[in-house]
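Written out below as structure tokens is the structure these notes cover.
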Amino acid sequence: MKTHNIKTIAVVALCIILANIHAHASDFETIYNRMYEKYLDRNPSKETVNGLIKSLSPEGAFVTLNYHATDGSPRKHVQNLITLACAYQHPQNALYHNKALKESYLKALCFWIDTNHQAKNWWYRYIPYPKELSVSVVLMSREINENPELFDKAIKYLRWSYEHAAPSHMTGANGADIIMGSFAASILTKNEAQMEDFKERMTQLLTIQSSEGIQPDYLFGQHCGHGRQLYFTSYGKEFVNSTLAYLELCKDTRFQSPGLELLQRLFTDGVQWIFYSKQHDPNNAGRFISSNQYSSAIKTLAERIYKLSSSDARNSMKQALQHISGDNSLTGNRMFWRFDYMVHRRNNYMTSSRMTSTRTVGNEAGNGDGEFNYYASNGVNYLFVTGREYNGNFFKIFNNRQYPGITAEQDNAPLPIPDWGEGGNNGNSFAGGVSDSLYGACGMMLDRHGLQGHKAWFYFDDEYVCLGAGIRNNEGKAEVFTTLNQCNRDGKVQYMVNGKTHTLKNGSVQTAADWVLHGQTAYVNLLPQAEYRIACDTALFSLNTNHGIRPQRGEYAYVVRPGISTVSTVAKYAADLPIKILANTEKIQAARHEKLGITEIIFYQPGELRLENGDILATDTPCALLWKEKEEKIHAANPRCESKNPEKITITLTQSGQTKQISLEMPQKEEAGKSCTPPLYRN
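Under mature numbering (1 follows the signal peptide of the UniProt record, and there is no 0), residues -25 to -1, 1 to 658 are what the sequence shown spells out, in order.
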């Protein structure tokens, strides 16, 4: 009996072992088949393929390419290999399984591997070369394997970047790309240990990060060595593309990694907020500054995540996909505290405040790109109404000392180049804001390039308020401007001075305008003595207020009212503004919306604000406050984030002679800077 039981157990154990071996083997086959189907995505024309074959030298080089170039242009060789492989394996291709085509491919593959081209930029050999070579190697793996020596060399070529990558290259988008460059080699050799390593690394990449990667506020950062940098539309796009490819290929296999939910949150809580009319906020583009580059590719990523999502998550992903695709129905306010960045949306406009601090940097430069980006760190305030504001050639021809919203000196001296973010941060730690998810206020203490100032934005429904105070530039040699907007020109410009309306069709004018109307947006001046320079003498429109040379106590105050297009409507609105400026100093900046009953305050130091009705709001700590009087709620945040974060702050509210103290526990660690709300404060 015992012998029988032992034999039975042994047989069962053997069956389990064999089943596991089969399951593991079938996992590799499943992934390989998915890769093959994914990569065989084109059917090249006979003319194209024959042209490539004719241009191939006896050694396997394409004679049209310069293999001595160090700029990465020989990458075209790898892309040609994909064309040859697709033609050879596509059943509908005229050259399907053509012997001469096969020999040409193998000869060109051997040449590329033996030559082992090295570009000046490390990125080529580590990322696009192996990633793109993987495509043709997977498609032609059986043919390559007829020559074991060539197959072995191809596998080693693909693995090289992963085996030699520095730890600093294995984070964020670069890390995900390097893994996927080596991925095919592990599948083709059924290397279980490497696949387990990839699974572990992908799982780590697909978690909330404190530096490069997806941050706790669900936006993406890359090149954060000098400060956290928004970077979704290029590096973030690549990160999602590679991690998503891994999730798609390994789905329901033992190498499957968790992380899909995080990609969903990235899109629902982050990415969809930065899109409007198929344009994206350029603050997220890094050195490749643009409002529409890669928009189509990002939409495709959203579609892929939607298809991979379970039924529970599909509804929210469907909405995100719609908003990325041009539906502007998403409304609300988001403070992305990890990046000193606020986005405000209504269904007829989107705007944002991109502040910087000692923790963050603006759009970087690098490899010759973005060399004009220095002032992208001075408090940029993009506004989208039509969706055409910053598209086309805007960033090729705009004045780079007049990014929308910034305050900067208008000299002609060469500006520092913020290579990889160096010098792209701000000299003060105060930059952030408060949000209740519908309204918000944010502010920064600007300290860059010899220029200081306090800049704040207050976001409501139909309008938002921009305040500046304490603007000084002791060593300056040119005038200091605050740019209300610079964008593509959209027809004529109309403005009012002393009750009289003027039209500017071309040219420029400097005047103490009461308001300015351009591109379905009105800019209402709240400082009667302020002079504005209005220009539409090129393909662009610009509106600036001039603080003069070496200002000591410069200031500005204006309301931006999007979605308004007629002079009569602007005049009526400006005559009955619902906005009251309660303070605009270096201590406090505050605005109140009379109709909404909402007061928004930036306290740069402990202090108190007295309202016209006698109510008093005071705080013992610098903070941003949003007071919704009708709901009896106060929302608060610490704009210094982790730089100086108290455990709690105390707000004192005095109404009708009665004083209440409200204590707020402040978010800590990586949530420092996030908005918080105490219970209702009424007695």
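In this text, a Cβ means the ideal position worked out from N, Cα and C, and glycines have one as well.
Look at the Cβ atom of residue i, then the Cβ atom of residue j, and state whether they are nearer than 8 Å.
i: serine 271; j: glutamine 254; result: no
i: isoleucine 440; j: alanine 558; result: The sequence as given places valine at residue 440; isoleucine does not occur at that position. For valine 440 and alanine 558, no; Cβs fall outside 8 Å.
i: residue 659; j: isoleucine 563; result: Residue 659 is absent from the model: the chain starts at -25 and stops at 658.
i: leucine 425; j: glutamine 495; result: Position check: residue 425 holds glycine in this sequence, whereas leucine was assumed. No, they are not a contact pair.
i: glycine 415; j: glycine 407; result: no
i: glutamine 247; j: leucine 305; result: yes
i: proline 103; j: tyrosine 132; result: no
i: glutamate 640; j: glutamate 622; result: yes
i: threonine 458; j: tyrosine 378; result: yes
i: serine 266; j: asparagine 166; result: no
i: isoleucine 249; j: phenylalanine 370; result: no
i: leucine 222; j: phenylalanine 373; result: no
i: isoleucine 591; j: threonine 629; result: yes
So, at 6 Å on beta carbons, what are the nonlocal neighbours of residue i in its own chain, with the 5 sequence-adjacent residues on each side left out?
i: methionine 471; result: Asp489, Trp490
i: lysine 82; result: Gly35
i: arginine 615; result: Ser404, Phe405
i: tyrosine 193; result: Arg240, Leu241, Asp244, Gly245
i: glycine 398; result: Pro391
i: tryptophan 602; result: Thr574, Ile609
i: phenylalanine 173; result: Ile154
i: serine 328; result: Met317, Asn356, Cys417, Trp432
i: glycine 234; result: Leu181
i: tyrosine 210; result: Ala148, Gln197
i: lysine 480; result: Lys467
i: threonine 652; result: His610
i: serine 79; result: Ile28, Leu31
Tell me which residues share the same chain as residue i and place their Cβ nearer than 7 Å to its Cβ, disregarding the 5 neighbours each side in the sequence.
i: arginine 134; result: Ser157, Ala160
i: valine 542; result: Gln469, Thr476, Leu492
i: asparagine 448; result: Glu384, Gly425, Leu426, Val455, Arg525, Pro526
i: threonine 164; result: Ile130
i: valine 535; result: Leu358, Glu438, Tyr439, Cys441, Thr496, Tyr498
i: alanine 220; result: Met155
i: serine 540; result: Gln495
i: alanine 288; result: Gln239
Relative to the C-alpha of residue i, which candidate in the options has its C-alpha closest?
i: glutamine 67; options: Leu15, Leu84, Leu31; result: Leu15
i: methionine 145; options: Leu601, Pro123, Met177, Glu167; result: Met177
i: cysteine 389; options: Asn348, Gly362, Thr361; result: The question names cysteine, but residue 389 is proline in the sequence shown. The option with the nearest alpha carbon to proline 389 is Asn348.
i: isoleucine 381; options: His522, Asp89, Asn387; result: His522
i: lysine 274; options: Cys651, Thr208, Ala532, Ala497; result: Thr208
i: leucine 501; options: Val110, Tyr101, Gly443; result: Gly443
i: tyrosine 101; options: Ile119, Ser136, Ala220, Phe369; result: Ser136
i: lysine 212; options: Cys225, Glu175, His568, Ile189; result: Ile189
i: glutamate 236; options: Gln268, Ala647, Ser291; result: Ser291
i: alanine 260; options: Arg320, Arg321, Lys226, Gly341; result: Gly341
Quick one: what's got a C-beta closer than 8 Å to residue i's C-beta in the same chain, skipping five residues either side?
i: residue 663; result: The question about residue 663 has no answer here: the residues shown for the chain are numbered -25 through 658.
i: glycine 396; result: His198, Cys199, Gly200, His201, Gly202, Gln204, Val336, Glu339
i: threonine 58; result: Arg17, Pro19, Thr23, Val24, Leu27
i: threonine 361; result: Ser252, Asp465, Gly494, Gln495
i: asparagine 473; result: Asp489
i: glutamate 278; result: Leu296
i: threonine 218; result: Ala151, Met177, Leu180, Leu181, Gly234, Leu238
Here's the rule: buried if 16 or more other CB atoms are within 10 angstroms of the residue's CB, otherwise exposed. What is residue i?
i: isoleucine 28; result: buried
i: histidine 139; result: exposed
i: glycine 466; result: exposed
i: histidine 429; result: buried
i: histidine -4; result: Only weak support is given to the placement of histidine -4: the predicted model assigns it a pLDDT of 47, under 50, and the question is left unresolved by the model.
i: lysine 635; result: exposed
i: valine 38; result: exposed
i: alanine 599; result: buried
i: histidine 43; result: exposed
i: threonine 331; result: buried
i: glutamate 4; result: exposed
i: glutamate 12; result: exposed
i: serine 186; result: exposed
i: glutamine 64; result: buried
i: alanine 151; result: buried
i: glutamine 643; result: exposed
i: lysine 95; result: exposed
i: histidine 319; result: buried
i: histidine 72; result: exposed
| Complete runs of the alpha helix (DSSP H) confined to the stretch 49 to 100 [at least 4 residues] | Segments of the alpha helix (DSSP H) lying fully in the stretch 49 to 100: 50 to 64, 74 to 90.
| field | Sequence ranges, alpha helix (DSSP H) only - wholly within the stretch 130 to 175, length at least 4 | value | List check, alpha helix (DSSP H) in window: 147 to 163.
| query | Can you list the beta strand (DSSP E) stretches of 3 or more residues lying completely in the stretch 494 to 532, in chain order? | reply | 496 to 500, 507 to 510, 515 to 524
| said: List, from N- to C-terminal side, the alpha helix (DSSP H) runs of 4 residues or more that fit wholly inside the stretch 337 to 418. | reply: 369 to 372
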